[in-house]
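This report concerns only the one structure given below.
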């Protein structure tokens, strides 16, 4: 096979092109993994059907392998052989992209493959400590293409779920509850002890002489109530998508964490065996989708009504994105997976509590808020502080400081200190939010009910307008 010959050429010492061929040979080895070469051999029986390689280069290289195998001198000029090698090398690069994953579909254009598949597949390690039956991958700039696709998919899913499912449901539920309250408050008993006004007919009953309800007008919704209801519908839909995402992503993170040999109470294993490359397919997918989500959050943060902690949220998202990019590039993926797993747990309860409050399920909202407070304290303060402690004291103690980009070692005192500063900044932001959470918890204890301390400023002005409109209507 030609591809095998290119990777394992034995160039005779008396060949004037030996050094150039050896140099190109090393580049071929670097660009074409063994697994890709074997799949190429299986998919191309002839061995010479190179994508993007000219016919003259194919013939030159085919003859070249024969001459080198026989140990005879080469009958061509140096330029011709060099051109053929570079042409073939370009073809191998194209083929590596085309073979981005084993499951790449034949109908997918080559330029689109990095956007829809995980890039840089490699051979599985001899004895992996996790994900024994998974495909493994390297890291590189092409992973950004997959992140872009994830952001686009999340934007489409967010609008589809929000507009197609959550908003219609919340609008129906709030309108139905309003009609029930209106009929109950406006109904009058007639002479036979029956209540005028049929809930299902959505009318205000007025008693007549025969004791029957007169459907003289339908229940109407005031402008103030309509604005309040619309705001609740929008907020319910926004929190509903967040609840769906965090539930799915935390469940997937639980699977990833279960496969990794890391412990929540003693996370020293995140440093053993560093650098943890290559990455298993599920772990890489988890990391890239989490990165895409926070980038998406940065993009839509200004699309929603600004809350009191807008700049705190923006700072949190930017620091999180920087941490994820840096940890992915410097092979600190295991500590990154552990931090994301801890952070996502409490985020499941917060949007659920808000959804229940917008639908006026006060008791369930209070119970969910208690679960949120407990999960926040455990994951974002107790366990997260253990992670920060491990980064401060265990990293350089277990892994000797070394900067070797070729082997994937990026662990130095300055790098670890930079990560510690960003992790500590996140903890400071979380302590600020914890103060607001304690205020909400105190309201629940006093029986006032849970209310988001981070209410948006737009909502505050709406409340003032609603009160003015209600007074005018009265």
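Numbering (UniProt numbering), first residue to last: 1 to 474.
Heads up, the beta-carbon is just placed ideally off N, CA and C, and yes, glycines get one too.
Excluding sequence positions up to five away, which residues of its chain have a Cβ less than 8 Å from the Cβ of residue i?
i           : result
residue 386 : 264, 265, 266 and 267
residue 254 : 341
residue 140 : 119 and 120
residue 379 : 342, 343, 345 and 346
residue 468 : Confidence at residue 468 is low in this model, with a pLDDT of 47, below 50, so the placement of that residue is unreliable and no value is reported for it.
Relative to the alpha-carbon of residue i, which residue among the options has its alpha-carbon at the smallest distance?
i           : options               : result
residue 426 : 388, 147, 360 and 291 : 388
residue 237 : 322, 445, 414 and 157 : 157
residue 118 : 128, 379 and 149      : 149
residue 284 : 295, 334, 302 and 369 : 334
residue 292 : 318, 432 and 132      : 318
residue 115 : 286, 404, 138 and 142 : 142
residue 433 : 328, 320, 365 and 308 : 308
residue 328 : 147, 131 and 109      : 147
residue 337 : 276, 394, 304 and 138 : 276
residue 166 : 358, 404 and 443      : 358
residue 138 : 172, 155, 408 and 313 : 408
residue 420 : 320, 153 and 282      : 320
residue 231 : 299, 401, 171 and 428 : 171
residue 339 : 262, 164 and 226      : 262
residue 128 : 281, 312, 382 and 174 : 281
residue 312 : 220, 428 and 246      : 428
residue 304 : 182, 251, 239 and 175 : 239
residue 250 : 289, 225, 224 and 269 : 289
What would DSSP say about residue i, mapped onto helix, strand or coil?
i           : result
residue 337 : helix
residue 280 : strand
residue 522 : Limits of the chain in this structure are 1 at one end and 474 at the other, which puts residue 522 out of reach.
residue 399 : coil
residue 46  : Note on residue 46: pLDDT 36, under 50, position unreliable in the model; no value is reported.
residue 411 : strand
residue 162 : helix
residue 332 : coil
residue 267 : helix
residue 351 : helix
residue 236 : helix
residue 310 : helix
residue 136 : strand
residue 109 : coil
residue 121 : strand
residue 359 : coil
residue 156 : helix
residue 272 : coil
residue 420 : helix
residue 131 : coil
Could you tell me the distance, in whole angstroms, from the CA atom of residue i to the CA atom of residue j?
i           : j           : result
residue 392 : residue 418 : 11 Å
residue 441 : residue 363 : 13 Å
residue 410 : residue 445 : 49 Å
residue 415 : residue 422 : 11 Å
residue 234 : residue 436 : 23 Å
residue 310 : residue 295 : 16 Å
residue 356 : residue 384 : 28 Å
residue 438 : residue 377 : 11 Å
residue 351 : residue 134 : 33 Å
residue 257 : residue 396 : 23 Å
residue 112 : residue 145 : 9 Å
residue 406 : residue 330 : 12 Å
residue 365 : residue 184 : 24 Å
residue 169 : residue 302 : 25 Å
residue 326 : residue 332 : 8 Å
residue 205 : residue 243 : Confidence at residue 205 is low in this model, with a pLDDT of 44, below 50, so the placement of that residue is unreliable and no value is reported for it.
residue 154 : residue 390 : 33 Å
residue 360 : residue 152 : 33 Å
residue 279 : residue 248 : 21 Å
residue 287 : residue 324 : 8 Å
residue 322 : residue 315 : 11 Å
residue 178 : residue 221 : 8 Å
residue 246 : residue 110 : 33 Å
residue 223 : residue 299 : 32 Å
residue 447 : residue 353 : 16 Å
Let me check you understand the geometry: is the CB of residue i closer than 7 Å to at least one non-hydrogen atom of the ligand SAH?
i           : result
residue 169 : Within the structure as shown, the ligand SAH is missing, as the structure has no ligands at all.
Beta-carbon within less than 6 Å of residue i's beta-carbon, same chain only, minus the 5 sequence neighbours each way: which residues are those?
i           : result
residue 124 : 136
residue 241 : 158, 161 and 162
residue 430 : 380
residue 399 : 271, 274 and 411
residue 130 : 259 and 260
Hey, does residue i have any beta-carbon neighbour from chain C nearer than 8 Å?
i           : result
residue 355 : Looking at the structure shown, chain C is missing, and only one protein chain is on hand.
Skipping 5 residues on each side, what residues in its chain have a beta carbon closer than 7 Å to that of residue i?
i           : result
residue 349 : 368, 371, 372 and 375
residue 297 : 317
residue 424 : 388
residue 403 : 409, 410 and 412
residue 132 : none
residue 394 : 268 and 271
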